[in-house]
Amino acid sequence: MDATPDSKLGTIISSLPVKRVAPKDVNLPWHLLVARDTLAYSNETQPCANEMTEDKQRVLCEKVMRIAFYIVGVDPNDYHVCLEACIEKAVNTKLLSTTAWTSWSGHRTLKARMKLAQQYTDSTKQVHCPPAPLIMAAVALKSIRKVEGTGTDETTILMEQYKTVDMAPTAIHNFVGNEERIVRIMFKLALPTTEQSHNITESLREVSIDVDSFRSSKHFEHGRRSIVAADNTIDDKETLKVEVICEMARDQAEDELKDILDLLRSKGDTAVTEMMGNLIKLPHMKVLSPANKLSVFKWAKAIKHDRVLGMFEVSLDDLDKYTWTETIEKPISTTWSNHPAYTIWNETRDLVSKKSDPKRILKRLDMLRETLVREAFEKQEESNKALPDNQTHAELLRDEIAAIKENLESVQRQNGSLKRQNDEVIQLLKDEKRLKPTCVFEDHLEGACI
Numbered sequence: 004m005d006a007t008p009d010s011k012l013g014t015i016i017s018s019l020p021v022k023r024v025a026p027k028d029v030n031l032p033w034h035l036l037v038a039r040d041t042l043a044y045s046n047e048t049q050p051c052a053n054e055m056t057e058d059k060q061r062v063l064c065e066k067v068m069r070i071a072f073y074i075v076g077v078d079p080n081d082y083h084v085c086l087e088a089c090i091e092k093a094v095n096t097k098l099l100s101t102t103a104w105t106s107w108s109g110h111r112t113l114k115a116r117m118k119l120a121q122q123y124t125d126s127t128k129q130v131h132c133p134p135a136p137l138i139m140a141a142v143a144l145k146s147i148r149k150v151e152g153t154g155t156d157e158t159t160i161l162m163e164q165y166k167t168v169d170m171a172p173t174a175i176h177n178f179v180g181n182e183e184r185i186v187r188i189m190f191k192l193a194l195p196t197t198e199q200s201h202n203i204t205e206s207l208r209e210v211s212i213d214v215d216s217f218r219s220s221k222h223f224e225h226g227r228r229s230i231v232a233a234d235n236t237i238d239d240k241e242t243l244k245v246e247v248i249c250e251m252a253r254d255q256a257e258d259e260l261k262d263i264l265d266l267l268r269s270k271g272d273t274a275v276t277e278m279m280g281n282l283i284k285l286p287h288m289k290v291l292s293p294a295n296k297l298s299v300f301k302w303a304k305a306i307k308h309d310r311v312l313g314m315f316e317v318s319l320d321d322l323d324k325y326t327w328t329e330t331i332e333k334p335i336s337t338t339w340s341n342h343p344a345y346t347i348w349n350e351t352r353d354l355v356s357k358k359s360d361p362k363r364i365l366k367r368l369d370m371l372r373e374t375l376v377r378e379a380f381e382k383q384e385e386s387n388k389a390l391p392d393n394q395t396h397a398e399l400l401r402d403e404i405a406a407i408k409e410n411l412e413s414v415q416r417q418n419g420s421l422k423r424q425n426d427e428v429i430q431l432l433k434d435e436k437r438l439k440p441t442c443v444f445e446d447h448l449e450g451a452c453i
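If you want the working numbering, it's the 1-based position in the sequence shown plus 3.
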């Protein structure tokens, strides 16, 4: 049979090598761009992997994993321990020589971990995911190697449904070398249902590691460390319990309940609704005048308002003023909430309460100490800088005080001199008056003086 044009075209197409689509562009360091293009073809890496030495395989696996880290938005230079574990996983599961997704030797383990993550996420309403090495191996196979059969299998469907790749930064950030346990991220999807089993929650301690959610950065510059931030959305602001002495006077109570009391006096018991009666508190009842207290009692009895009747029974005394103590919660000062050590301290406290790995706790404590010591040095430097200014200011004050003192002494001297002069003048006047001759008998003897 002669071949038709369509069959010839089909033969030509089938004979051409399959060209795989390169992975989506990401902002990779320049030295990894060539490696990404090379490692994206499974038909090239398979024969190489079978013939190359183990050291050469490790070098290629490291390139693959570094690219995978950048794809999920994490700088591999920040997480050497996790990167080494991912490289080891790639080598041991023959990631470079794998041609199909389901034939990858790590697929069975990943599938089991994903089913566990599915079970515990659905049961506890908290996000669970496999450990970082398994997730990153899957990212490498799907996004870099692009092996066959990565779209309709159960594992892929579960990974997409539970957004496993989105959890990769958190799994990397909290990796402590344990690949056996799945990761429970302490960020609630929804409130647990009443049917949730406590046994399942307790069993999580044996199969999962509790970690805080972590937000990665998708943008990197070669040679710079990534800037990452912890997700604190589940941490409530700390509060401080404070005892406050409260006081209610009769005038204040009758002023606050003025509308209710006016209605009771003018329109009777039926004018006040139960909702309005909810405004009456125990301190009000304690200090109302006997007449107003009786009006409220009659109204409460008429509509059977048990709460107000109960308050009346304990408010029979005629008081003008009532004092009580309340314990209220006040938020910690925003100055402390904004302090760099505040977040570190909260993280450390949570790790201790969850009995986490001591190494992680010690790391947080070191960060806390470093932050506080740095702040202490900065304050010391600021105080040292301010010291010369304070000394200059003190010297100026001393000069001003000395000048004022000198002026006062000068004024005192002048006052003393004036006083002496006045005394001398007064004395002269007295002397002159005493020495002046006095004439007598002027009417009888003119010019005669005694």
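We put the CB at the ideal spot given by N, CA and C, even for glycine.
Note that the structure is predicted; figures quoted are calculated from it, not measured.
If we ignore side chains and look at the alpha-carbon of each, how far apart do residue i and residue j end up?
i: Leu322; j: Leu291; result: 8 Å
i: Tyr325; j: Ala252; result: 6 Å
i: Asp58; j: Trp348; result: 43 Å
i: Val77; j: Thr173; result: 10 Å
i: Arg111; j: Gln122; result: 17 Å
i: Gln417; j: Glu409; result: 12 Å
i: Thr96; j: Arg352; result: 38 Å
i: Thr56; j: Ile90; result: 15 Å
i: Leu371; j: Leu365; result: 10 Å
i: Arg184; j: Tyr73; result: 24 Å
i: Tyr165; j: Gly109; result: 19 Å
i: Glu350; j: Ser146; result: 34 Å
i: Ala379; j: Arg363; result: 24 Å
i: Lys301; j: Ser126; result: 54 Å
i: Ser269; j: His308; result: 20 Å
i: Gly152; j: Glu163; result: 15 Å
i: Ala405; j: Ser413; result: 12 Å
i: Asp426; j: Lys433; result: 10 Å
i: Tyr82; j: Val75; result: 13 Å
i: Gln119; j: His131; result: The amino acid at residue 119 is misidentified as Gln; the sequence shows Leu. Distance between the alpha carbons of Leu119 and His131: 8 Å.
i: Lys289; j: Asp320; result: 7 Å
i: Glu369; j: Pro79; result: The identity of residue 369 in the sequence shown is Asp, whereas the question assumes Glu. Rounded to whole angstroms, Asp369 to Pro79 spans 23 Å at the Cα level.
i: Asp262; j: Glu381; result: 59 Å
i: Gly313; j: Arg377; result: 59 Å
i: Val311; j: Phe178; result: 59 Å
i: Ser100; j: Ala71; result: 17 Å
i: Val62; j: Glu373; result: 36 Å
i: Gln424; j: Asp402; result: 33 Å
i: Gln60; j: Thr159; result: 26 Å
i: Met4; j: Arg148; result: Its pLDDT being 42, under 50, Met4 is placed unreliably by the model, and nothing is read from it.
i: Gln383; j: Gly180; result: 41 Å
i: Ala115; j: Leu282; result: 59 Å
Taking C-beta to C-beta, are residue i and residue j nearer than 8 Å?
i: Phe315; j: Ala303; result: yes
i: Pro136; j: Lys92; result: yes
i: Leu113; j: Ala88; result: no
i: Leu144; j: Leu98; result: yes
i: Ser298; j: Leu267; result: yes
i: Asp156; j: Thr105; result: yes
i: Met170; j: Met68; result: no
i: Arg367; j: Leu375; result: no
Taking residue i and residue j to be in contact with their CB atoms under 8 Å, please state how far apart those CB atoms are, rounded to whole angstroms.
i: Glu250; j: Thr330; result: 16 Å between Cβ atoms; not a contact.
i: Ile175; j: Cys85; result: 5 Å
i: Val150; j: Ala103; result: 6 Å
i: Arg2; j: Gln129; result: Residue 2 lies beyond the stretch modelled for the chain, which goes from 4 to 453, so this question has no answer here.
i: Glu257; j: Asn295; result: 7 Å
i: Trp327; j: Pro286; result: 7 Å
i: Pro134; j: Met117; result: Pro134 to Met117, Cβ: 12 Å. No contact.
How is the alpha helix (DSSP H) around residue i delimited, first residue to last?
i: Val62; result: Glu57 to Val75
i: Pro308; result: This sequence places His at residue 308; Pro is not what is there. Where His308 is concerned, there is no enclosing alpha helix (DSSP H), given that its DSSP letter is neither H nor E.
i: Val290; result: Leu285 to Val290
i: Asp280; result: Before going on, a small fix: residue 280 reads as Gly here, not Asp. Glu277 to Gly280 is the span of the alpha helix (DSSP H), which, as asked, contains Gly280.
i: Val84; result: His83 to Asn95
i: Ile175; result: Ala171 to His176
i: Arg253; result: Arg253 to Glu259
i: Ile160; result: Glu157 to Gln164
i: Leu137; result: Ala135 to Val142
Hey, quick one: how far does the beta strand (DSSP E) through residue i stretch, first residue to last?
i: Val130; result: Gln129 to Cys132
Give a yes or no on whether 8 Å exceeds the smallest Cβ distance from residue i to chain E.
i: Lys324; result: Chain labels in this structure do not include chain E; a single protein chain is all it has.
* **Any 3 or more C-beta pairs closer than 8 Å across the segment 351-359 and the segment 275-295** => Flag = no, the segment 351-359 and the segment 275-295 do not touch.
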